[in-house]
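In what follows, a single structure is set out as structure tokens and then discussed.
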Amino acid sequence: MQVAFELPTPISTDVHRILVANIDAIVGGIGDKRLVHVMNMFHAAVAPEIRTPRDATRYTNALSITWPAVEGEVDLGDFIAIEAMRLFQPSIYRAIRDNQSLVCEATRDHFKKDEGAARLDSILLPKIENRKHYRDALVRLFPRLDAIWGSTVHGGSGRYDKDRRLASSRHFQTYFRMSIDPDAISRSELAEVLKHVSNEERIAALLRTAVTQVRRDGTTRAMAWLDALISHGNEIPIDAAEPFLRGAFAAAGEVNVDADQAKGWSFGNNLLRIRWLLNSVLMERTSLEERSRILLAAVRDAPLVWLGNLTASAWEQRHPADQDKRPKAEDDCLLTDADTDALRDIFLERITTAAAEGSLINMPDLMRPLYLWGHFLADDTPLRDWMADRIEEDASLVVLANEFTSHSWGQSSDDLVSVRSDRAAVSGLDGLMDPERFRANLVALQARLEEGSDAADAVGRFLKAWEYRDEHGDW
């Protein structure tokens, strides 16, 4: 005779303990260094979904397949958490996957007052009853969200990049492809480059090649490489800093492309990323004298676009344009006072030569060097004479129309995408030229240009933005 009886339900703590042991075996050992973070993520996102041995088996089987594909390229704690959501909370998983810019970049400023939390709930947790629990789990994955759901603002996004966290825009997609993102910089690629940071030709060639490699989102791998190097700048030996930075500076003009200009909620371009890179390599790791010596040597032969950029930054630190702003503390400056003056002199010599040789008009991001040139001149006659000649040349007028057209990206509370708007950056134009003569020449040129051509488009957009500014002010 057979007697039926019920097996007792396993104690959840036993199931969780066995699951942790299985995870440890799959990943080849969690290790002491990441144990706290991994266990925090386990208890926040994995354990609440594992109620039975069957749940644990399902999770273990899935992880044994997905983890080997991304091992070394993602954060273990974040990966076990997002895997639990993929298996047991697919609606949250899909919401995260489909809203990268929201979870990685949003702040309270992107929402109307007091509407941020409700908006996040409606996007990320629309079908979830126990929202508080999942809010807590998502905040662990995406600390920025704590400023919207709570009141705590988290910094340290550079750490997310370095640790390849899910909250890093640079590594986000790897978690969802179940393979290494071909557009991301892999650990092995980065390790190889870090072996040769003192080879300036190799660093310059790396960036020049990368800017020709367009990623699926339209940006280039130069942006990806700069982002990766910024995250690991403190691993570059100080005795290799000068050749490394000289190589990066040498490529600055070529990598400064519109494709890598940040849009929407982000900001930045490749010149700014090179500035962040030198900060990562030198700041807080060198004395002012050591840093100044390295930078002055590294920038001396750099392209004029980067020389002007660095000169402006170094000068502003010691001589703020805003009279109410104090100079930076001595130890926080890029260069010593004497080397800042020397850098100014190098810049003046280089820009004067470029103007005489005819290459200056073709310099990218021309506005800032022009204003800097005028700022440094005791008598601005050379600058005004040069500009007066340029605004009489059709080709130069098109270049200047492009250079004096800036862009902003805006998004209403009801929209999910940002829209670009043109702005006429003509404030202070009379310090460079006769604005009315410039405008009259552009209007005359517009009538002569072939309709639909790139030149006609550039001139037309600038004139339209200038007209809008006249009517509505400088917004």
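So the sequence shown is numbered by our numbering: it starts at 1221 and just counts up by one.
Glycine residues also receive a C-beta, built at the ideal position from the N, C-alpha and C atoms.
Between the options, which has its C-alpha nearest residue i's C-alpha?
i, options, result
"Trp1535", "Arg1681, Arg1513, Leu1554", "Leu1554"
"Arg1407", "Arg1397, Tyr1395, Gln1393, Arg1384", "Arg1384"
"Ala1608", "Pro1584, Ala1575, Ser1232", "Ala1575"
"Thr1625", "Leu1365, Asp1642, Leu1617", "Asp1642"
"Arg1218", "Thr1277, Val1434, Ser1500", "Examination of residue 1218 is not possible in this model, given that the chain is present from 1221 through 1695 alone."
"Asp1551", "Met1583, Asp1565, Glu1510", "Glu1510"
"Ala1667", "Asp1478, Val1679, Arg1657, Val1646", "Val1679"
"Thr1327", "Ala1367, Ala1615, Leu1340, Trp1593", "Ala1367"
"Arg1588", "Pro1273, Gly1648, Leu1414", "Gly1648"
"Gly1467", "Lys1352, Gln1481, Leu1426, Asn1476", "Leu1426"
"Leu1365", "Gln1481, Ala1549, Ala1387", "Ala1387"
"Ala1282", "Arg1306, Pro1268, Glu1577, Glu1671", "Arg1306"
"Arg1604", "Ala1532, Ala1675, Met1583, Asp1654", "Asp1654"
"Phe1308", "Trp1287, Arg1278, Thr1286", "Arg1278"
"Ser1579", "Ala1562, Asp1561, Trp1606", "Trp1606"
"Ser1507", "Ala1549, Asp1381, Pro1310, Asp1478", "Ala1549"
"Leu1410", "Glu1335, Lys1382, His1374", "Lys1382"
"Val1477", "Thr1440, Leu1255, Ile1348", "Thr1440"
"Pro1310", "Phe1682, Ala1337, Ile1348, Leu1530", "Ile1348"
"Ala1562", "Ser1512, Phe1682, Ala1541, Pro1547", "Ser1512"
Output the distance between the C-alpha atoms of residue i and residue j, rounded to the nearest integer angstrom.
i, j, result
"Pro1457", "Ile1246", "35 Å"
"Ser1321", "Ser1389", "8 Å"
"Gly1438", "Ile1312", "28 Å"
"Val1240", "Arg1397", "24 Å"
"Met1503", "Thr1572", "31 Å"
"Ala1685", "Arg1538", "34 Å"
"Asp1557", "Asp1585", "26 Å"
"Asp1599", "Gly1528", "19 Å"
"Ser1451", "Tyr1591", "32 Å"
"Ala1645", "Glu1656", "15 Å"
"Trp1485", "Cys1324", "Because Trp1485 sits at a pLDDT of 44, beneath the cut-off of 50, its placement in the model cannot be relied upon, and the point is left open."
"Ser1418", "Leu1465", "9 Å"
"Asn1622", "Gly1651", "19 Å"
"Arg1237", "Leu1498", "46 Å"
"Gln1543", "His1595", "15 Å"
"Arg1505", "Thr1272", "51 Å"
"Tyr1688", "His1627", "14 Å"
"Arg1564", "Arg1520", "11 Å"
"Leu1449", "Glu1291", "21 Å"
"Trp1369", "His1353", "12 Å"
"Val1434", "Asp1480", "10 Å"
"Arg1339", "Phe1658", "47 Å"
"Pro1402", "Trp1287", "17 Å"
"Pro1268", "Asn1260", "12 Å"
"Ser1371", "Ala1337", "11 Å"
"Asp1244", "Thr1233", "16 Å"
"Glu1670", "Asp1690", "26 Å"
"Arg1436", "Glu1420", "29 Å"
Among residues of its own chain, excluding the 5 on either side of residue i, which ones have a beta-carbon nearer than 7 Å to its beta-carbon?
i, result
"Asp1356", "Ala1264"
"Ala1472", "Leu1491, Ile1494, Ala1522, Pro1523, Val1525, Trp1526"
"Glu1462", "Ile1514, Ala1517, Ala1518"
"Ile1581", "Arg1610, Ser1616, Val1619"
"Val1294", "Arg1384, His1391, Thr1394, Tyr1395"
"Asn1242", "Thr1280"
"Ser1284", "Ile1246"
"Ala1532", "Arg1588, Leu1592"
"Arg1681", "Thr1625, Asp1642"
Report all residues from its chain with a CB closer than 6 Å to the CB of residue i; omit the five preceding and five following residues, and keep chain order.
i, result
"Leu1516", "Asp1559"
"Arg1422", "His1416"
"Ala1276", "Val1235, Leu1239, Ile1270"
"Val1258", "Ile1250, Leu1296, Gly1297"
"Ala1470", "Ala1424"
"Val1266", "Ile1300, Ala1304"
"Leu1568", "Phe1596"
"Trp1593", "Ile1571, Leu1603"
Once you ignore the five residues that flank residue i on each side, which residues in its own chain have a CB closer than 8 Å to its CB?
i, result
"Leu1414", "His1452, Glu1455, Ile1456"
"Asn1489", "Asn1476, Asp1480, Gln1481, Ala1482"
"Ala1460", "Val1417, Ser1418"
Could you tell me whether the stretch 1292 to 1305 touches the stretch 1351 to 1362, using the rule of 3 or more Cβ pairs below 8 Å?
-> Judged by Cβ distances under 8 Å, the stretch 1292 to 1305 makes contact with the stretch 1351 to 1362, as three or more pairs qualify.
Given 8 Å as the limit, is there contact between the stretch 1316 to 1324 and the stretch 1338 to 1346, that is, 3 or more CB pairs closer than that?
-> In short, these stretches touch, since the Cβ pair count reaches three.
Whole runs of the beta strand (DSSP E) within the stretch 1508 to 1595, excluding any shorter than 3 residues | Contiguous beta strand (DSSP E) elements confined to the stretch 1508 to 1595 do not occur, taking only those with 3 or more residues.
Using 8 Å as the Cβ pair cut-off and three pairs as the minimum, do the stretch 1422 to 1430 and the stretch 1444 to 1453 touch?
-> These segments touch.
Please confirm if the stretch 1596 to 1611 is in contact with the stretch 1652 to 1665, defined as three or more CB-CB distances below 8 Å between the two stretches.
-> Verdict: yes, contact present.
Which runs of the alpha helix (DSSP H) spanning at least 4 residues fall entirely within the stretch 1246 to 1295, listed in chain order?
-> Whole alpha helix (DSSP H) segments, 4+ residues: 1252 to 1261, 1273 to 1290.
Which whole runs of the beta strand (DSSP E) in the stretch 1390 to 1442 are 3 residues long or more, in chain order?
-> Runs of the beta strand (DSSP E) inside the stretch 1390 to 1442: none found.
Can you check the stretch 1437 to 1503 for any alpha helix (DSSP H) of at least 4 residues that lies completely inside it and give the ranges in chain order?
-> Listed in chain order, they are 1441 to 1451, 1461 to 1470, 1472 to 1475, 1490 to 1502.
Residue ranges of each alpha helix (DSSP H) run of no fewer than 4 residues wholly in the stretch 1598 to 1668, ordered along the chain?
-> Complete alpha helix (DSSP H) runs here, min 4: 1601 to 1610, 1614 to 1623, 1655 to 1668.
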